[in-house]
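**Student:** One structure coming up, written as structure tokens, with questions to follow.
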Amino acid sequence: MELNKHNMKKLALLVAFGIILNAGLHQMEPVAAFLRGLLGLVTPFLAGASIAFILNVPMRQVESHLFPEKKTGKIRGRLAKAKRPVSLLVTLLLVTGVLAIIVFMIVPELGRTFQALADQVPVFAQQTQEWAEGLMAQYPQIVDEIRQISIDWESFTEKLLNMLQSSMGSVVNSTIGIASSIIGGVVGAVVAVVFAVYVLLQKERLGRQFRKLLYAFLPEHRADWVSQVGYLSYRTFSRFLSGQCLEAVILGCMFFLTMSILRFPYALVISVLIAVTALIPIFGAFIGCIVGAFLILMVDPMQAVWFVVLFLVLQQVEGNLIYPHVVGSSVGLPSIWVLAAVTVGGSTMGIAGMLLFIPFCSVLYTLLRRSVWQRLRQRNIPPEKLESPEKQGASALEEPPEDPEG
């Protein structure tokens, strides 16, 4: 290798990277503490960027309906400056209204159910006492065994007081830690929301600034590739969110119709609950099933069993027919890879992995598909070669016909 200025710069960077990597491997704990602190600092901004990305999907629809492009010229002088703030405000009101409706529909029903359960506790306690009295009357030897049990109440009380005194310090420390965590969470949430609002109001300007950085510090072809991948990721994630919401609405309507026809209680509340929890891919509706079965159980235990059966039937229909086609087609990912992405994402990162792995795998699938077709075109592989041997009419592995002359 020629030791020119360019190669010497590469060697210097490689040596520096090796020194930093070696120091990091020998000082894992300080490096891990530094990374955790750094992550804590940037977490509110990452959360704000995520909120902005999610809100941008409905905001674009609101903006396109309130300020269509055909009328842009007429409103340029008067309302152009108010276009983005008005759209953002309407979007926030719509999202807040939907969340408020969901909460005010579900929480009161859960509260009434828990109240009914609490009202049943005295009755259950009375029945338990009567059962215990009858058991003791039937088996008097149990009473004799209980009377023979002796408890040193003074020693028990002393040990209990000592344990409480020794645990007071940890309780105070835990309380302070919980309070600080709550305050930090509230502050982080406020910072995330403010940052999300700023990003949404200035998204075009921020996009231009990011592209300037790309083209200033990267080769043009690399910057083009990063820009294309970023646009592909944005489009894929947006379509995934839209498809996921559409799938949740379809599933909620299915439950409402079937539960209304079969006269199940809490049809509307349970349908809304299942639709909300169905935003978690494939497995989220099971959370709604558990809560719904509990609500119906307080009214009619047998109907709760039939509700679980109904849920399993509709879940099979949704999981095998609706979800792969609605969400899979919205992100351009085949049905089998949607299921694989949800399984792998859930096993590695939980609910967040389920939400992220489908669009992430869709981006990888699209990039891989483009790369494969480019390589096939470069190698001049005809489309006939890509067909199965049955469609080609003959297989390359078939034995040649015998020579009649030997």
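For the sequence shown, this note's numbering begins at 994 and goes up steadily by one.
Even glycine gets a Cβ: it sits at the ideal position worked out from N, Cα and C.
Which residue wins for smallest C-alpha separation from Arg1204, given the options Leu1194, Asn1015, Val1222, Ala1241?
**Tutor:** For the residues Leu1194, Asn1015, Val1222, Ala1241, the minimum Cα distance to Arg1204 belongs to Val1222.
**Student:** What first and last residue would you give for the alpha helix (DSSP H) that runs through Gly1277?
**Tutor:** Unbroken run through Gly1277: none, as it is neither H nor E.
**Student:** Using CA coordinates, which residue listed in Cys1246, Ile1289, Ile1044 is at the minimum distance from Gly1181?
**Tutor:** Ranking Cys1246, Ile1289, Ile1044 by Cα distance to Gly1181 puts Ile1044 first.
**Student:** I need the straight-line Cα distance from Glu1123 to Ala1109, nearest angstrom please.
**Tutor:** Whole-angstrom Cα-Cα distance: 22 Å.
**Student:** I'd like to check one pair, Leu1194 with Arg1077: are the Cβ atoms closer than 8 Å?
**Tutor:** Result yes, Cβ atoms of Arg1077 and Leu1194 sit closer than 8 Å.
**Student:** Alpha carbon to alpha carbon, how far is Ala1216 from Ala1172? Give it in angstroms, no decimals.
**Tutor:** Cα to Cα, the separation comes out at about 46 Å.
**Student:** For Asp1293, report the span of its alpha helix (DSSP H) as first-last.
**Tutor:** No alpha helix (DSSP H) contains Asp1293, which DSSP labels as neither H nor E.
**Student:** Do the CB positions of Phe1233 and Pro1375 come within less than 8 Å of each other?
**Tutor:** The answer is no: Cβ separation not under 8 Å.
**Student:** Once DSSP output is grouped into helix, strand and coil, what is the label at Asn1015?
**Tutor:** Looking at Asn1015 - three-state DSSP - the assignment turns out to be helix.
**Student:** Inspect the beta-carbon positions of Ser1231 and Val1050 and report whether they are closer than 8 Å.
**Tutor:** Against a cut-off of 8 Å, the Cβ pair of Val1050 and Ser1231 comes out as a contact.
**Student:** Report the residue from Ala1093, Leu1034, Ile1267 whose alpha carbon sits nearest the alpha carbon of Gly1177.
**Tutor:** Answer by Cα proximity: Leu1034.
**Student:** Would you kindly work out how many angstroms separate the C-alpha atoms of Phe1304 and Cys1282, rounded to a whole number?
**Tutor:** Distance between the alpha carbons of Phe1304 and Cys1282: 7 Å.
**Student:** Spatial neighbours of Ala1040 within its chain, please: CB distance less than 6 Å, with the 5 preceding and 5 following residues excluded, ordered by chain position.
**Tutor:** The residues are Ala1185.
**Student:** How is Gln1221 classed by DSSP in three states: helix, strand or coil?
**Tutor:** If DSSP states are grouped into helix, strand and coil, Gln1221 belongs with the helices.
**Student:** Could you check where the alpha helix (DSSP H) with Gln1202 kicks off and where it finishes?
**Tutor:** Here the alpha helix (DSSP H) through Gln1202 covers 1196-1210.
**Student:** Over what stretch of residues does the alpha helix (DSSP H) that includes Ile1315 continue unbroken?
**Tutor:** Ile1315 -> no alpha helix (DSSP H), and no H or E assigned at all.
**Student:** What does the Cβ neighbour count give for Gln1308, buried or exposed, with the cut at 16 atoms within 10 Å?
**Tutor:** Gln1308 should be labelled buried.
**Student:** Would you call the segment 1259-1276 and the segment 1080-1091 touching, i.e. three or more CB-CB distances under 8 Å?
**Tutor:** The segment 1259-1276, when compared against the segment 1080-1091, does not touch it at the 8 Å Cβ threshold.
**Student:** Consult DSSP for Asn1155 and reduce its assignment to one of helix, strand or coil.
**Tutor:** Asn1155 falls in the helix class under three-state DSSP.
**Student:** List the endpoints of the continuous alpha helix (DSSP H) containing Ala1271.
**Tutor:** First-last for Ala1271: undefined, no H or E at that position.
**Student:** For Val1091, count the other beta carbons within 10 Å of its own beta carbon; 16 or more makes it buried, fewer makes it exposed. Which is it?
**Tutor:** By the neighbour-count rule (16 or more Cβ atoms within 10 Å), Val1091 is not buried but exposed.
**Student:** Reducing DSSP to helix, strand and coil, say where Tyr1227 ends up.
**Tutor:** In the structure shown, Tyr1227 sits in a helix (DSSP, three-state: H, G or I).
**Student:** Count the other CB atoms, across all protein chains shown, that sit within 10 Å of the CB of Cys1311; report buried if there are 16 or more and exposed otherwise.
**Tutor:** For the sequence presented, residue 1311 should be read as Glu rather than Cys. By the 10 Å Cβ count, Glu1311 comes out buried.
**Student:** Count the CB pairs spanning the segment 1357-1367 and the segment 1240-1249 that are closer than 8 Å, and state whether there are at least three.
**Tutor:** No: fewer than three Cβ pairs fall under 8 Å.
**Student:** How would you label Gly1285, buried or exposed, when you count the other beta carbons within 10 angstroms and need 16 or more for buried?
**Tutor:** Flag for Gly1285 reads buried.
**Student:** How many Å lie between Ile1099 and Leu1288 at the Cα?
**Tutor:** Taking the straight line joining both Cα atoms gives about 11 Å.
**Student:** My assumption, with CB atoms under 8 Å, is that Ile1263 sits in contact with Met1252. Please give the rounded CB distance.
**Tutor:** At roughly 7 Å, the Cβ-Cβ gap stays under 8 Å, so Ile1263 and Met1252 are in contact.
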